[in-house]
Ligand SMILES: Cc1cc2nc3c(=O)[nH]c(=O)nc-3n(C[C@H](O)[C@H](O)[C@H](O)COP(=O)(O)O)c2cc1C
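Residue numbers (this note's numbering): 4 to 172.
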């Protein structure tokens, strides 16, 4: 029985968050598969799902949106959690930021149990257009790494506990 941890990420920071989550699930004794959302062909046989997406322009990463549409209703009876990553400040840690509209749609499609927002990362070392935008946004004080690995790992441990207790009934 395997937990699928899938993500939509352009700059790699959401992928890294998904990796931390998968590590914690693994440490709790759960088998996990970590995958980019657009590389998942089928969801049969997974015990649970964690789907994460970077936020861009008020929306959810396209790969995660497509995943939710493609596999809508396919996790019936199996627990699903979503996370968003984006804010380039401490608001995600200081307050409980609700899902944006597209994340809400994904929650409904996948009948998710919960959603959490984590801070994001944007650094000027990013490649291509992301680096260009980051260099511009740096002047406005909107760059840096606002992810909080401890909070993320604690959230993952909570999920692991729920999955494990569902197993034992
Ligand atoms: C063009 C652009 C638009 C963004 N829009 C949002 C947004 O609407 N809301 C938000 O919270 N973060 C926004 N961000 C921040 C990203 O979500 C953040 O950098 C995130 O960590 C990127 O994840 P990734 O590295 O996995 O792609 C934006 C970043 C860029 C470059």
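The beta-carbon is built from N, C-alpha and C at its ideal position, and this holds for glycine as well. Everything numeric in this text was worked out from a predicted model, so none of it was measured.
Buried versus exposed, by CB contacts within 10 Å (16 or more), residue i
i: residue 168; result: exposed
i: residue 44; result: exposed
i: residue 17; result: buried
i: residue 150; result: buried
i: residue 68; result: buried
Test item: CB-CB of residue i and residue j under 8 Å
i: residue 91; j: residue 118; result: no
i: residue 159; j: residue 23; result: yes
i: residue 7; j: residue 49; result: yes
i: residue 34; j: residue 4; result: yes
i: residue 70; j: residue 9; result: yes
i: residue 133; j: residue 32; result: no
Run of the alpha helix (DSSP H) containing residue i, from where it starts to where it stops
i: residue 140; result: 131-141
i: residue 165; result: 152-171
Spatial distance of residue i from residue j (CA atoms)
i: residue 81; j: residue 38; result: 18 Å
i: residue 12; j: residue 96; result: 20 Å
i: residue 52; j: residue 59; result: 22 Å
i: residue 109; j: residue 55; result: 10 Å
i: residue 135; j: residue 127; result: 7 Å
Boundaries (first-last residue) of the beta strand (DSSP E) holding residue i
i: residue 57; result: 49-59
i: residue 16; result: Where residue 16 is concerned, there is no enclosing beta strand (DSSP E), although the alpha helix (DSSP H) it sits in stretches over 16-30.
i: residue 39; result: 34-39
Proximity to residue i [Cα-Cα], best of the options
i: residue 121; options: 57, 31, 33, 170; result: 57
i: residue 99; options: 40, 20, 154; result: 154
i: residue 93; options: 53, 131, 164, 144; result: 144
i: residue 116; options: 21, 106, 61, 148; result: 106
i: residue 123; options: 147, 76, 142; result: 147
Test: residue i CB closer than 8 Å to a CB of chain C
i: residue 92; result: Within the model displayed, chain C is absent; a lone protein chain is all it includes.
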